Structure formats: structure tokens, C-alpha cells
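So the protein lines, in turn, are chains A and B.
Heads up, the first sequence is in numbering that gives the first Met the number 0, so the first residue is 0 and it goes up one at a time.
Heads up, the second sequence is in numbering that gives the first Met the number 0, so the first residue is 0 and it goes up one at a time.
Please read the structure below before turning to the comments.
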Amino acid sequence: MTATNDRPAVHIDAGWRHDGAERQPADGGAALMELRDVSVFYGDYEAVRGATLPVRQNEITAMIGPSGCGKSTILRALNRMNDLIRGARVTGTITYLGQDIYARDVDPIQVRRQIGMVFQKPNPFPKSIYENVAYGIKINNIKGNMDDMVEEALTGAALWDEVKDKLKTSGMALSGGQQQRLCIARTIAIKPAVILMDEPCSALDPIATGRIEDLMYELCKQYTIVIVTHNMQQAARVSHHTAFFTAEVDEKQVRHGRLVEFGETGRIFTNPKDPRTEGYITGRFG
Amino acid sequence: MTQITDRPPAQPLTARGRGAASDRAFSAVSLAAGALVLAILVLILVTTLREAWPALKYAGLGFVTSPSWVPLEVDGAGPVYGALSFVYGTTVVSIIALIFAVPISIGIALFLTELAPTRLRSTVVTVIDLLASIPSVVFGLWGIIVVGPALVKVYNGLHGALGDIPVLGSLFGEPVSSGRGFMTAGMIVAIMIIPIITSITREVFATVPDADKQAAYALGATQWEMIRGAVFPHSFGGMVGAVMLGLGRAMGETIAVALTIGAATQITPNLFAAGNTLASVIALNFGDPGVPPGRSALIALGVLLFAITVVINYAAAVVVRRADVRMKGASA
């Protein structure tokens, strides 16, 4: 695996992404998805209570917060992955292009077709690299030349040059960072509108992380990205807007995730309005 | 605050040779147990080969190439020992059994792991385990008394409907009136191997990581597409293993087949005709093996069955290894 080192090193302090000139105007992007008073329950337990925030088109929206704050739970509500968990249910409304994705006549399969997901641990299928990418194209009956579509997706995920000579080998034989980019390629192969990323770099080393972050920045020109991350620097580096969640104990001593603050990333990190946000990002809490 | 006591001075390492005595004893016992299995296997092979030798020497290559089995002296001519028709019978019965048992078993296993509500799950598992505990002679008698006669009508219907079509017609030929034949034996064996294939594939399906399933769902997969994309590739090796265990049982199944196959020495494409398998011939004729070296010839059939089983299992292992390298990378 020599090809992994021929790109620039990680942007530990990628200031160029922070300055206002590079950013889209703070409230300029139209909201592609909107969450209004969303709560997620597992059985009787209310894991997240009353989150309201927009997901703007062609932006990266970061969700940060301490463990147990419900950020991953909210993320999984966005493409109805929680449906797969027995007893999970969502109240409030989540809209995609103005349409309630939990409406009675909406098929979760159609939701996931438009709102894809990349997981924390790279999880390529035990198939060849080619078949990993082709799988989504096949099941969604996307018409076109399969070879071209696979190449396009792998190129889009910045993996093509590294794997073009070994498309028939197993996706599981790749390095962790390559596997995660393969998972991204698999997701963009079906051209969803939104890509949800659940701590996509937490299992990766800093170099692989940097490459995924570069890739996310490229991808958000065409896709809308929502990323959950434990890594505040990552949120600060890549995202346009940030939602800060925390876990609060209610009067019955039950913990619930709550959305504390949502805003432009630069503002959240430099001038948080809520003391809890400030406490978290300055490392005094969580 | 806990009192922090002074640590005793650093101690030199004590030399204890290669691990503690208990570990050495444990490894010796394990080794002995493993070696015993191998020893038993070799012993069986050596003794049966020695017993089979007179017949193998007498029949020569004809033992595996001739379809004729005449363990008597007819008109001064010596006995003839050709196992080909029994190899054919074993093959046909095993294939029929697998054709019925594999889809049903995988279907049950998928139902149990992916679809069934938890309450139903344990009930179905119990029923299937119960199926495995029925003695094979009971299956055989049920085949003779109930299944065979009942199936004759179906066989006749199929023969009537398909008998005139060129290739299919020869497969669905004239049935035996008792219903005993390849098809009945194969179906009985199928029922007998369903529990083992089901329980192993179920275990294998249960090990598919949730991450793989969720990855498929996140791409907009339906449940069936998820099963094809995530469950099957992950389970390929285990499924082949399960089918091989089922096949091993099917090829070796003796008494149930002996009772239901109709005992005829012939090679015919007609699935409704009577036949014999390697195992059933041994069971049916061991009491009256004919003129010498008849008994030895029956043992030679056992050796042949053993050899075929070993070859098939080895081939399956190669297939699984190659598939694992292709699908999971060289490490798996």
C-alpha cells in the first residue's frame, strides 16, 4: 500500500476552511432537511428530546457533544435506520424537500435511497471492491454502464487510483482508511442527496482521517453531509454549521439527549451563546 | 486515603522451563485426544481395506467401472462385482435430497434469524431438533407405509404429464407400483438432513455482523436484497459446510434408504425407478453376501463410499477457501 502517502499531509489547522471567504454565507443555503421538535424513543425511554434544526443543502452539518447525548440517535433518525431497532420510534417531524419522511405512505427504502449513510467502523461487504460499489447500483436498478458508474463512484471517493488495478480483490483486504473510502464510494454510487456520517474517522489514523476530511469537503459541492463526531477539531475543520447536543438528567433522574445550540460553526466555536456549549468546547465538560 | 505501602524489592525471574506443569499436562491430554481420533480413522481404513482386499483384487478396475453386481456363480461363471450402479444410486439419492433439503433448510434458517418473532423462534427450533431425534428406521418404515404409496399417485401424474417430453420424460418415467425408488428415498433423506443443515446455517447467519446488514439497508436494500448482499456473502463458507455435512449424511444414510429405494441394481435416468445405494446394498446383503468373496466385496463398497466422501469434503474445503480469499481477502 504505497499509494497512501503521495498526498499532502493532514490539515491539523485547516484555517483556510474557516475564513469567511471560503464559506457559504451563514444562512444562505436552503434547508434540504428540517427537524422540528424531534424526539426519539427506545421503548419508553426518550433518548433525545425535542431537537429542532435545519440541514442545509451543499453544506456539512456537524453534530457534536459528549457520549450519550443522542447525536448518533438523531443522525439515524434522518434516514429511518432506527426503524430497524425494535421498539424505536420518532415523534416530531423530519422533512426532506418538505416531505415528512415518517409519513404513513413513505417507504423507508426510498428514504435511504436519497439519504445514505457511512458508519463508524468501515464495513465493506465481504465481496470484491467492484461488487461492493456495484451492489447499491444493482439493487436500485440504476441504468447505465456498470463499469463507468463504479469508476465514477470510486473516483468520487478518491479511491480509484489506489484500487483500479485490483477491483476484483476483496474490499476487506484494503486498509482501514481505504475501506472507509470504499464505503463512501458505495454510498455515492447511488447518488443520494444527503450523506449521513456517523463518526466516520473514529477508527482511522490521522492521515486517513485527513483524507476523509478532504474528501468530505469535495463531496459537499454535490452532496449535503451530516456528520456526527466526537472530535471537536474535526467539526471545526470541516463543517459549516454545528449542532451541539448534551445529555441532561430530568426531574425523574432519567437522562435525555438535548440539542443545546445550533449555529454557524465559526460562531459556535468562537462565540457560543450557551454556557454549556462553551464549557464543552473549551474542554471543561464532557 | 489508602496507605501506600512500600513495594517489595524487585524479584529476579524464576526459571520454570516451558510453562507450568498444569499447562504441559493439559496440552498432553489435548494432543492425545486429537491423536486418538486420527488413530481410529487410520485403524478403520487399514482394517476395512484389508478385509476388502480379496474382492478388490478379484474384481480389479471393474469394481468401479462395471454396473453389474452378481454375487453368485451363474452357469459356471464366477461372481461379478461392479459398484457403478450403486455409486449412481448414491449420487442420485444425494442430489435429490439436497435439491429438496437445501432451499428448505436455508429458508427455515433465514426465517428464524431474520423474520420470526422471538416467541416463535424457540418453538420452531425445538420442533426441528425433534425431527433430528427420530430414528432413521422409523423414517424408513414411514416411507414404505405412508410416503411411498401416497407419492405413487403424484409420480403417475408427473409421468403422465411430462413423460412424452424428450429429456424430462426420461427423468419422470414409469413409477414402481410400491412407490419405492430413488425419488422416495431422496425425499425421505431430505427430511432427515433438514435439521442438521438448518441448525448450522442458522448459527452461521446469526454471526453476520449488524454493521453489514445496516450497510445494505442504508443503501436502500429491501430485506431480501440485504440477505443477498450481506448475509449470503458473509455466510458462504458456513453454508457450504452445512450442505457438506448434510451431503455426508445423505450419502451414508443406510436403513431408511434401504427400506425405501426398492433394491434394484440398475442405472436409469428414471427417478421413479427402484435402485440401490452403496450403503443400502451393504445393509440389505450383509446377512447373505453370496459366494466368496461376497462379504469382502460389500466391505469394499464401504471403502469406496468412504473414499468418495473424503474426496467431496476435500473439494468443498478448497471451494470454501478460494471463496473466502475472493470475498474476505487473504486473511480470512
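Idealized CB from N, CA, C, for every residue including glycine.
Small disclaimer: the values here were computed from a predicted structure and weren't measured.
Chain A within 8 Å of residue i, Cβ atoms only
i, result
"Gln213 (chain B)", "yes"
"Ile226 (chain B)", "no"
"Leu218 (chain B)", "yes"
"Arg320 (chain B)", "no"
"Met238 (chain B)", "no"
"Met326 (chain B)", "yes"
"Ala229 (chain B)", "yes"
"Pro66 (chain B)", "no"
"Ala241 (chain B)", "no"
"His158 (chain B)", "no"
"Pro70 (chain B)", "no"
"Ala115 (chain B)", "no"
C-alpha distance - residue i paired with residue j, whole-angstrom precision
i, j, result
"Gln56 (chain A)", "Gln221 (chain A)", "9 Å"
"Asp5 (chain B)", "Thr13 (chain B)", "22 Å"
"Gln113 (chain A)", "Leu166 (chain A)", "26 Å"
"Pro271 (chain A)", "Leu83 (chain A)", "36 Å"
"Ala184 (chain B)", "Val91 (chain B)", "10 Å"
"Val105 (chain A)", "Thr221 (chain B)", "14 Å"
"Gly59 (chain B)", "Gln265 (chain B)", "20 Å"
"Leu130 (chain B)", "Pro194 (chain B)", "7 Å"
"Val45 (chain B)", "Val63 (chain B)", "20 Å"
"Thr117 (chain B)", "His239 (chain A)", "45 Å"
"Gly115 (chain A)", "Gly106 (chain B)", "29 Å"
"Asn140 (chain A)", "Val149 (chain A)", "14 Å"
"Val317 (chain B)", "Val193 (chain A)", "43 Å"
"Val310 (chain B)", "Ala102 (chain A)", "57 Å"
"Lys327 (chain B)", "Ala156 (chain A)", "21 Å"
"Val319 (chain B)", "Pro121 (chain A)", "24 Å"
"Leu37 (chain B)", "Arg49 (chain B)", "18 Å"
Residue i in three-state terms, based on DSSP
i, result
"Tyr57 (chain B)", "helix"
"Glu263 (chain A)", "strand"
"Pro116 (chain B)", "coil"
"His239 (chain A)", "coil"
"Asp273 (chain A)", "coil"
"Arg111 (chain A)", "helix"
"Asp197 (chain A)", "strand"
"Ile224 (chain A)", "strand"
"Tyr44 (chain A)", "strand"
"Ile133 (chain B)", "coil"
"Ile59 (chain A)", "strand"
"Gly237 (chain B)", "helix"
"Ala332 (chain B)", "Lying before the first or after the last residue shown, residue 332 (chain B) is absent from chain B, which here runs from 0 to 331."
"His255 (chain A)", "strand"
"Glu72 (chain B)", "coil"
"Thr208 (chain A)", "helix"
"Ala9 (chain B)", "coil"
"Gln98 (chain A)", "strand"
Residues near residue i by beta carbon distance below 8 Å, same chain, minus five either side
i, result
"His158 (chain B)", "Phe171, Gly172, Glu173, Pro174 and Phe271"
"Val146 (chain B)", "Gly178, Thr183, Met186, Ile187 and Thr259"
"Val253 (chain A)", "Tyr44 and Glu45"
"Tyr87 (chain B)", "Pro66, Ile266 and Gly274"
Nonlocal neighbours in the same chain, by C-beta distance under 7 Å from residue i, ignoring five residues either side
i, result
"Ile192 (chain B)", "Ala96, Ala100, Gly245, Arg248 and Ala249"
"Glu277 (chain A)", "Pro271"
"Pro123 (chain A)", "Asn131, Gly170, Met171, Gln178, Leu181 and Cys182"
"Thr112 (chain B)", "Arg201, Phe204 and Ala205"
"Ala9 (chain B)", "none"
Own chain, CB closer than 6 Å to residue i, minus 5 neighbours either side, in chain order
i, result
"Asp197 (chain A)", "Ser71, Leu74, Phe118, Gln119 and Val227"
"Leu277 (chain B)", "Phe85, Thr89, Leu300 and Leu304"
"Phe261 (chain A)", "Leu52 and Ala242"
"Arg275 (chain A)", "Thr245 and Val259"
"Leu31 (chain A)", "Val54, Gln56 and Thr223"
"Ala255 (chain B)", "Ser135, Phe138, Gly139 and Ile187"
"Phe40 (chain A)", "Arg88"
Residue-level contact to chain B via CB, residue i, 8 Å cutoff
i, result
"Ala102 (chain A)", "no"
"Arg180 (chain A)", "no"
"Gly143 (chain A)", "no"
"Ala172 (chain A)", "yes"
"Met148 (chain A)", "no"
"Gly175 (chain A)", "no"
"Asn122 (chain A)", "yes"
"Asn270 (chain A)", "no"
Are the stretch 281-300 of chain B and the stretch 45-63 of chain B touching, with three or more C-beta to C-beta distances below 8 Å? Pairwise C-beta distances place the stretch 281-300 of chain B in contact with the stretch 45-63 of chain B, as three or more of them are shorter than 8 Å.
Pairing CB atoms from the stretch 155-164 of chain B with CB atoms from the stretch 206-220 of chain B, are three or more of them under 8 Å? Cβ pair count under 8 Å is below three, so no.
Inter-stretch contact (C-beta, 8 Å, three-pair minimum) for the stretch 180-200 of chain B and the stretch 158-175 of chain A: With fewer than three CB-CB distances shorter than 8 Å, the stretch 180-200 of chain B does not count as touching the stretch 158-175 of chain A.
Should the stretch 200-215 of chain A be regarded as contacting the stretch 78-97 of chain A, the criterion being three or more beta carbon pairs within less than 8 Å? Cβ pair count under 8 Å is below three, so no.
So, do the stretch 133-147 of chain B and the stretch 233-244 of chain B have three or more beta carbon pairs nearer to each other than 8 Å? With a cut-off of 8 Å on Cβ pairs, the stretch 133-147 of chain B is not in contact with the stretch 233-244 of chain B, counting fewer than three such pairs.
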